[in-house]
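Here the working numbering is used: position 208 in the sequence shown is 208, and no number is missing along the way.
Think of the CB as a built atom: it goes at the ideal place given N, C-alpha and C, for glycine as much as any other residue.
First up is the structure itself, then whatever we jot down about it.
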Amino acid sequence: MDKISRVLLAIFCILVTLGLILIFLPVRKLLDLDIYADDSIVISNQFASLYQLPHKYIPNQYHITGWDTDDLISFGNFIKKIHPKLSSLSFSKIISIYNAESITHGDLLVEKNKTEHSVTDNISEDSVSQTKNFVLAYPLWHHPLATSPEDMWCKMREHALFQHIGLSHWTLLIVNTELREVVFFDSLANYINNSVLDPMLSDIAKVSGQMYPLENQTQDFTIKKAAATPLQQDGTSCGIWVAWYLDKYLSNPEFSLSNLDANRAQSLLHQFYKNTCSQLATAKLSSSSLSIQRET
């Protein structure tokens, strides 16, 4: 009898183990969301309209992974020192579709107050013009399953805690007061549903036009969606795409992706990644040396 009990217990343990393995594998695939070159991944119909598989452009040596929050913030702090028109408020906050409007409105108001103070303080016209003409840039984090601000925040904390990218995705929001435009960049082109995205962009464009009227006439800022087709290659971090596009835009706001071959874009991204990593490392080293000198 004892022998039969042990055999039954062993069989039961094996079945439980197999069951746990079968449960764990789908969950792991959902959390990691590995995109394979053969497009074998299957996404439920619930996400079909929100997600498009990236195009297969060039070989694996161009894969750049692991470029996420910390790298984006470091890059933001670095690039603000290079481009004087980039507002100091840029990259100071991580936004989502639920708080983008309120944060941009608040930052535009802060910059507007700076301009008014410059006028009352009798600062030169060139300086006043510089305070009027600036660029605000925000990394925008999105998760398609979040249905409220609280839910989005919880998912952001969850992903940061467990270090899983999952279904999350980085995009970029830009407000340029000189060119009077609101620019949105998404390396996957259509990851955020337009029914949610478009009203947000329209509101920001409207308020921006009200705060910065053109010759005393209120006119909404122009809305531009930078990427019409997906650029992000399988396995490449969306964070590095955000940094790459911002760098291109600040160097030349008229820069367009429409005439850029996808393979060429991937090659430029790879070169940008190498240069940026080197620049960030040098900047961190210089900062460390400065701290040591101050302490001594």
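Three-state class that DSSP yields for residue i in the structure shown
{"i": "proline 149", "result": "helix"}
{"i": "isoleucine 14", "result": "helix"}
{"i": "glutamine 217", "result": "strand"}
{"i": "serine 278", "result": "helix"}
{"i": "leucine 72", "result": "helix"}
{"i": "leucine 167", "result": "coil"}
{"i": "leucine 260", "result": "coil"}
{"i": "serine 195", "result": "helix"}
{"i": "serine 187", "result": "coil"}
{"i": "phenylalanine 255", "result": "coil"}
{"i": "serine 237", "result": "coil"}
Residues that DSSP places opposite residue i in a beta bridge
{"i": "isoleucine 223", "result": "Val182"}
{"i": "isoleucine 4", "result": "DSSP lists no partner for isoleucine 4."}
{"i": "serine 138", "result": "A small fix is needed here, since residue 138 is tyrosine in this sequence, not serine. Looking at the DSSP assignment, tyrosine 138 forms a beta bridge with Leu173."}
{"i": "isoleucine 95", "result": "Leu140"}
{"i": "leucine 86", "result": "Val135"}
Closest by C-alpha distance to residue i, when choosing among the options
{"i": "asparagine 190", "options": "Leu250, Ala226, Leu15, Cys277", "result": "Ala226"}
{"i": "serine 195", "options": "Pro144, Asp261, Ser74", "result": "Pro144"}
{"i": "serine 96", "options": "Met152, Lys114, His105, Thr17", "result": "Met152"}
{"i": "asparagine 298", "options": "Ile79, Glu150, Phe75", "result": "Because the chain here runs from 1 to 296, residue 298 falls outside it and cannot be looked at."}
{"i": "glutamine 311", "options": "Cys13, Leu250, Asn77, Gly19", "result": "For the chain, the structure presents residues 1 to 296; residue 311 sits outside this window and is missing."}
{"i": "leucine 269", "options": "Asn113, Phe184, Leu231, Lys114", "result": "Leu231"}
{"i": "proline 253", "options": "Glu178, Thr236, Lys114", "result": "Glu178"}
{"i": "asparagine 263", "options": "Val175, Phe255, Cys277, Gln233", "result": "Gln233"}
{"i": "isoleucine 204", "options": "Asn275, Thr147, Val175", "result": "Val175"}
{"i": "leucine 172", "options": "Leu18, Leu188, Phe162", "result": "Leu188"}
{"i": "aspartate 247", "options": "Cys277, Ile79, Ser74, Ile14", "result": "Ile79"}
{"i": "leucine 161", "options": "Ser256, Gln266, Thr69, Leu257", "result": "Thr69"}
{"i": "lysine 132", "options": "Ile11, Asn113, Leu15", "result": "Asn113"}
{"i": "histidine 83", "options": "Gln271, Met211, Ser251", "result": "Ser251"}
{"i": "asparagine 193", "options": "Asp261, Ala146, Leu260, Gly19", "result": "Ala146"}
{"i": "methionine 200", "options": "Lys81, Lys224, Leu15, Leu8", "result": "Lys224"}
Residues of its chain near residue i, where Cβ-Cβ distance is below 8 Å and the 5 sequence neighbours each way are ignored
{"i": "leucine 72", "result": "Phe91, Pro139, Trp170, Gly239, Val242, Ala243"}
{"i": "glutamine 219", "result": "Arg180, Gly209, Pro213"}
{"i": "valine 207", "result": "Glu101, Thr104, His105, Leu108"}
{"i": "phenylalanine 255", "result": "Lys248, Tyr249"}
{"i": "serine 148", "result": "Tyr98"}
Inter-residue CB distance, residue i and residue j (contact presumed, cutoff 8 Å)
{"i": "leucine 89", "j": "aspartate 107", "result": "5 Å"}
{"i": "phenylalanine 134", "j": "glutamate 111", "result": "6 Å"}
{"i": "valine 183", "j": "tyrosine 273", "result": "Contact flag wrong, Cβ pair sits at about 22 Å."}
{"i": "phenylalanine 75", "j": "threonine 276", "result": "7 Å"}
{"i": "serine 267", "j": "alanine 228", "result": "Not confirmed; about 20 Å, so no contact."}
Residues of its chain near residue i, where Cβ-Cβ distance is below 7 Å and the 5 sequence neighbours each way are ignored
{"i": "tryptophan 141", "result": "Ile94, Ser96, Met156, Ser168, Trp170"}
Chain-order list of residues whose beta-carbon lies under 6 Å from that of residue i (same chain, five-residue window excluded)
{"i": "threonine 222", "result": "Glu181"}
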